[in-house]
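Numbering (mature numbering (1 follows the signal peptide of the UniProt record, and there is no 0)), first residue to last: -21 to -1, 1 to 449.
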């Protein structure tokens, strides 16, 4: 009888152990596979082993687990040219200690949800194509020792909350487009040492509070003001290539500082700066493809403009509903989806044309002045307005993903802010669901600029559309 009771107790204990561990494992697998879904180009098939049906991700490429094998503690996928987005769900891997995605082609923003990773010690997103501001929530990474965001296209000001990171020892922000002053100040006099600056009182703000900070690089941004006294122990090269008042350092020209462009530009990676713990030395960061370079230098050439047009003629998947959640469909036969959060304010200042308006303006879309296998270019006249050129993308709805939608919204918002006579003036866009419509509306010019290139450069769209269909 006693033996039977012991067996029952053991069975109950085993069941409780299973129930306790299994839901957490599902959460981690879900977060990882969501990140995989946000990657739409994996040329080296590094994520091919990431199987959503596998309840144990510890054997997946680039994944390391705890000694007990019950938590993912490290993601290291370096230099594999992954193209896609950082899924906010990565913030659900609560015991993650290292997130190393250095040297890929990740685009979009840094999700604020990464600030939920309380045990994270290394955050290395350097040498990608990330844009937008550094989220203040990064300051919630109470265990972080190293942050590397170098060689991206990050904009905005540096969050002063970063000074709350008491364990931070290394901060690399060089080769971005950050602006404003370096947030660090104090009323104290500082004493220099080999490892930092020390003040006689505690009246410190911003990065002056990061007492463990030993290595920091702010070079090649658009920072203004002066070098904070508490950071005077850093080498002068950590501040060069900015818009600082210090004339002893190599700074940007005043013309560049006065007209710091809001859009990102190609970043140059310093070959002397090595990413943390490469997965393989055989996989190097691929050069940016021509379509991306053209997209980034759109302010200068019409070829770039047409490339950009091809990328952003598909704008909003939400159509008439201003929804903040967009399901992501990999194909019409798959039910997998991921939530993408869209900024409803992003395109509020961009004119949105209805398909009917453009149909009337372009004579029932009969006035075709250019075409390719994947696009049509119409000429028309807005009632009481200027002549227009309308670029329409011939693509099916199932070829779009929510993450690409978010990317296109940011690109059209950037294009709307441009005012370059060589690139053509964007008047607005059209986005409708029935029928599925993605169009961009430009001011028509027949003086050899837009007119010429709409006729002879439309073939460049073909390669662009093939990329979108991957």
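Yeah, the Cβ is synthetic: ideal placement off N, Cα and C, and Gly gets one too.
- Cβ neighbours of residue 199 within its own chain (closer than 7 Å, five residues either side excluded): 153, 154, 220.
- Inclusion of residue 201 and residue 141 in the CB contact set at 8 Å is not warranted, their separation being larger than that value.
- Remark: C-beta atoms of residue 420 and residue 337 approach each other more closely than 8 Å.
- At a Cβ-Cβ threshold of 8 Å, residue 89 and residue 99 do not count as neighbours.
- Boundaries cannot be given for residue 152, as no beta strand (DSSP E) includes it and DSSP labels it neither H nor E.
- Ranked by Cα distance from residue 373, the options 364, 350, 9 are led by 350.
- Rounded to the nearest whole angstrom, the C-alpha separation of residue 72 and residue 97 is 10 Å.
- Closest option to residue 361, judged by alpha-carbon separation, among 348, 341, 376: 341.
- Annotation: the continuous beta strand (DSSP E) that includes residue 52 extends over 51 to 55.
- Contact between residue 210 and residue 330 does not hold, since the beta-carbon distance rounds to 45 Å and is not under 8 Å.
- When only Cα atoms are considered, residue 78 and residue 52 end up about 9 Å apart.
- Annotation for residue 340: the continuous alpha helix (DSSP H) segment containing it runs 334 to 340.
- Pairing residue 137 with residue 113 gives a Cβ-Cβ distance under 8 Å.
- Our two residues, residue 364 and residue 335, have alpha carbons roughly 16 Å apart in a direct line.
- Residue burial is scored here from C-beta neighbours: residue 216 has fewer than 16 other C-beta atoms within 10 angstroms and is therefore classed as exposed.
- Counting the other Cβ atoms within 10 Å of the Cβ of residue 343 gives fewer than 16, which makes it exposed.
- The residue from 118, 371, 36 with its alpha-carbon nearest to that of residue 10 is 36.
- DSSP, read as helix, strand or coil, puts residue 125 in strand.
- Distance from the CA of residue 57 to the CA of residue 162, rounded to the nearest whole angstrom, comes to 30 Å.
- Around residue 160, the same chain offers 202, 203, 204 as residues with beta carbons nearer than 7 Å, after the five sequence neighbours per side are excluded.
- Around the beta carbon of residue 328, fewer than 16 other beta carbons sit within 10 angstroms, so the residue counts as exposed.
- Apart from the 5 residues on each side of it in sequence, residue 196 sits with its Cβ closer than 6 Å to the Cβ of 151, 153, 217 in its chain, given in chain order.
- Here the C-alpha atom of residue 149 lies approximately 24 Å from the C-alpha atom of residue 42.
- In the structure shown, the three-state DSSP call for residue 354 is strand.
- Taking all protein chains in view, the Cβ of residue 67 is crowded by 16 or more other Cβ atoms within 10 Å, so the residue is classified as buried.
- In the DSSP assignment, residue 160 falls within the beta strand (DSSP E) that extends over 158 to 160.
- Between residue 94 and residue 120 the beta-carbon gap is near 6 Å, inside 8 Å, which marks them as a contact.
- Annotation for residue 183: the continuous beta strand (DSSP E) segment containing it runs 183 to 185.
- Note on residue 5: under 16 other CB atoms within 10 angstroms of its CB, so exposed under the neighbour-count rule.
- By alpha-carbon distance to residue 110, the top candidate from 65, 146, 92 is 65.
- Residue 20 has its alpha-carbon roughly 9 Å from the corresponding atom of residue 84.
- For the options 134, 101, 117, 82, the alpha carbon positioned closest to that of residue 124 is the one of 101.
- Assigned with DSSP and collapsed to three states, residue 119 falls in helix.
- For residue 203, DSSP records a beta bridge to 160, 222.
- Shortest Cα-Cα distance from residue 39 to any of 28, 47, 237, 182 involves 28.
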